[in-house]
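The sequence shown lines up with residues 2 to 470 when you count with our numbering.
We put the beta carbon where it would ideally sit given N, CA and C, even for glycine.
Owing to the predicted nature of the structure, the values given are computational and were not obtained by experimental measurement.
A short write-up of the structure that comes next.
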Amino acid sequence: MLKLYNTLTKKVEEFKPINPPSVGMYTCGPTVYDYTHIGHLRTYVGNDILRRILEANEYQVKHVMNITDVGHLVSDRDSGEDKMEKGAKQFGKSVWEVAKFFEDYFFRSQDTLNIKRPNVIAKATDHVEEQIKLIKKLEKNGFTYITDQAIYFDITKFPTYTKLSGQRLEEKEIGARSDVVVDKQKKNPQDFALWFFIVGHFKDHVMRWSSPWGEGFPGWHIECSAMAMEYLGDSIDIHTGGVDHIPVHHTNEIAQSEAATGKPFVKYWVHHEFLLVDGEKMSKSKKNFYRIDEIIQKGFDPIALRYLFLTAHYRDKLNFTWKSLQAAQNALNNLRNEIRQWEVPIRLSGQSKDNVGQFWQKFLDAANNDLNMPQAVAVVWEMIASDATISSKGWILLDMDKILGLRLDEYFGKPIEVPENVMKLVEQREQVRKSGDFEKADKLRKEIKSLGFEIEDTPTGPNVKTVVN
Ligand code: AMP
Ligand code: ZN
2 MLKLYNTLTK KVEEFKPINP PSVGMYTCGP TVYDYTHIGH LRTYVGNDIL
52 RRILEANEYQ VKHVMNITDV GHLVSDRDSG EDKMEKGAKQ FGKSVWEVAK
102 FFEDYFFRSQ DTLNIKRPNV IAKATDHVEE QIKLIKKLEK NGFTYITDQA
152 IYFDITKFPT YTKLSGQRLE EKEIGARSDV VVDKQKKNPQ DFALWFFIVG
202 HFKDHVMRWS SPWGEGFPGW HIECSAMAME YLGDSIDIHT GGVDHIPVHH
252 TNEIAQSEAA TGKPFVKYWV HHEFLLVDGE KMSKSKKNFY RIDEIIQKGF
302 DPIALRYLFL TAHYRDKLNF TWKSLQAAQN ALNNLRNEIR QWEVPIRLSG
352 QSKDNVGQFW QKFLDAANND LNMPQAVAVV WEMIASDATI SSKGWILLDM
402 DKILGLRLDE YFGKPIEVPE NVMKLVEQRE QVRKSGDFEK ADKLRKEIKS
452 LGFEIEDTPT GPNVKTVVN
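Put into structure tokens, the structure is as follows:
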């Protein structure tokens with residue numbers, strides 16, 4: 002039985018989808034005006050793990066993700082510079098080129114981490130019609146007002162506006178006031194724009210569409226409501242995103258969706274905690290982020306980053322350090338080296354009653370317990386160390402890897418091919434070691450390591466393993 006922490010109820014709840022075995026899951030996608038960093042990747046690996054766990058529980062998942070390619074403002078609060086135009090200026094490209102370039106970069110980064118592609122990828126610029134339709138509905142239901150600059154959602158018309166964040170409105174008000182509120186005609190600081198007109202600050206806005214209210218462009222929040230409901234219906238099972246989206250973006254999504262349909266928008270809200278660097282949030286604006294290319298350039302396997310993410314619970318902050326990545330890489334190497342010595346698993350009928358079945362159950366129970374992946378990973382190691390047969394361990398590990406996503410299937414039965422020059426050094430080291438010249442033996446070990454191999458001394462002789470870094 003799968004249990005999930007629901008931000009809306011602030012409790013761990015039993016997962017009961019609206020129409021089992023179907024599950025509709027919506028994920029807020031990237032704003033494609035800059036490079037994807039490993040902080041984003043933590044959130045998307047988290048979504049991927051959730052989806053794989055749902056699939057392991059035999060749900061039929063329809064996963065929808067948007068791409069925010071309409072220009073949006075640097076601040077959530079309708080003020081400041083347009084992100085896409087800022088990106089275009091910085092990189093000397095058109096806004097459309099910027100969006101395409103960073104979208105491609107986003108998916109390349111996702112692929113290196115073995116993140117499954119969503120079933121539907123919806124671009125905001127391809128769904129302006131749907132957004133206009135939703136705004137018209139909100140207008141008809143009496144939730145909007147118009148100023149010279151924009152159409153706003155009036156949050157006082159939606160009494161449960163802060164139900165997701167649990168914040169008091171006064172707290173939000175203080176936050177919003179410290180920002181530059183550019184539209185003096187706005188009624189409440191928390192009201193948010195549904196549609197901007199091409200006037201004043203935005204008179205040169207490049208991305209623009211015609212609408213019943215004249216030329217303009219949609220606000221950020223409306224795109225997710227419009228696209229989530231377009232592909233998954235008025236009420237959806239799971240909506241995911243990073244914790245930063247709770248107080249503004251997701252709060253606004255609920256308000257505008259429920260105001261339009263009168264139905265509950267999302268049953269389970271799942272939020273991922275941040276990846277930090279040196280104790281601070283890793284973010285595009287702070288420029289303290291790493292990209293997956295930098296991880297690869299330093300000689301790490303991107304899957305080691307996925308392994309690192311698995312070692313922390315998704316609702317806990319994770320502080321990224323190179324040392325922790327190295328530890329994850331070592332653990333991954335050990336796992337791969339172990340199964341290199343195993344034959345490719347063949348599933349025999351009746352084998353599930355073997356004593357490895359208990360490990361699968363423990364693993365799934367951990368994963369189902371609000372995605373306790375650190376515990377699930379511990380079960381993997383427990384099973385490897387157990388005295389079950391290699392063949393039965395092998396196929397259970399393959400099942401586990403359907404959730405872990407570490408591409409372990411590529412390593413079964415593939416012993417390392419040690420080049421002749423390395424083998425000669427290994428033999429030489431063994432001789433000097435036996436003769437008691439440990440200093441020389443140590444030098445040779447270092448030389449071997451610099452060639453990408455590591456020696457493990459065992460009672461039956463030296464065992465050679467590959468090493469990264
Ligand atoms: P953005 O492109 O900024 O809208 O971010 C895309 C997703 O990545 C959102 O769900 C964010 O909450 C999430 N995100 C951004 N920064 C981080 C971080 N440092 N750690 C984890 N998730 C993040
Ligand atoms: Zn969103």
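Straight through space, the alpha carbons of HIS240 and LYS441 are spaced by roughly 59 Å. HIS128 has its Cβ no nearer than 7 Å to any heavy atom of the ligand AMP. Counting along the chain, the unbroken alpha helix (DSSP H) around SER392 starts and ends at 391-405. Residues with their Cβ less than 5 Å from any non-hydrogen atom of the ligand ZN, running along the chain, are CYS29, CYS225. As the crow flies, the alpha-carbon of THR262 is around 12 Å from that of LYS134.
One Cα belongs to VAL13, the other to CYS29, and the distance between them is close to 22 Å. Distances from the CB of THR161 to the heavy atoms of the ligand AMP are all 7 Å or more. Counting only runs that start and end inside the region 436-468, the alpha helix (DSSP H) elements of at least 4 residues fall at 439-451. Bounds of any alpha helix (DSSP H) do not take in ASP192, whose DSSP letter is neither H nor E. Straight through space, the alpha carbons of LEU319 and LEU276 are spaced by roughly 5 Å.
Between TYR291 and GLY47, the gap from beta carbon to beta carbon reaches 8 Å or more. According to the DSSP assignment, TYR36 belongs to no beta strand (DSSP E), since it is labelled neither H nor E. When secondary structure is reduced to three states using DSSP, LYS282 falls in the strand class.
In the three-state reduction of the DSSP assignment, TYR232 falls in the helix class.
The residue among ASP294, GLY437, ILE19 with its C-alpha nearest the C-alpha of GLN111 is ASP294. For ARG434, same chain residues with a beta-carbon under 7 Å away, outside a window of 5 residues either side, are ALA442 in chain order. ASN370 sits in a strand when the DSSP states are folded into three classes. Assignment of beta-bridge partners to TYR6 by DSSP yields VAL13. With fewer than 16 other CB atoms across the displayed protein chains lying within 10 angstroms of its CB, ARG408 is exposed.
For GLN61, the enclosing beta strand (DSSP E) has its first and last residue at 61-68. Taking a 10 Å sphere around the C-beta of ARG307, we find 16 or more other C-beta atoms and assign the residue as buried. The DSSP assignment places 121-124, 145-147 as complete runs of the beta strand (DSSP E) inside the region 73-153, in order along the chain (cut-off: 3 residues). CA-CA distance, VAL65 to TYR232, rounds to 7 Å.
The shortest C-alpha to C-alpha distance from THR44 to any of TYR36, ILE255, HIS272 is the one to HIS272. Between the alpha carbons of LYS403 and PRO190 lies a gap of roughly 46 Å. In the three-state DSSP reduction, TRP382 falls in the helix class (H, G or I).
Of the candidates TRP214, TYR146, ASP70, TYR106, the residue whose Cα lies closest to the Cα of TYR36 is TYR106. With three or more CB-CB distances shorter than 8 Å, the region 208-226 counts as touching the region 124-132. Taking the C-beta atoms as reference points, GLU274 is found no nearer than 8 Å to PHE266. In the structure shown, the three-state DSSP call for GLY358 is helix.
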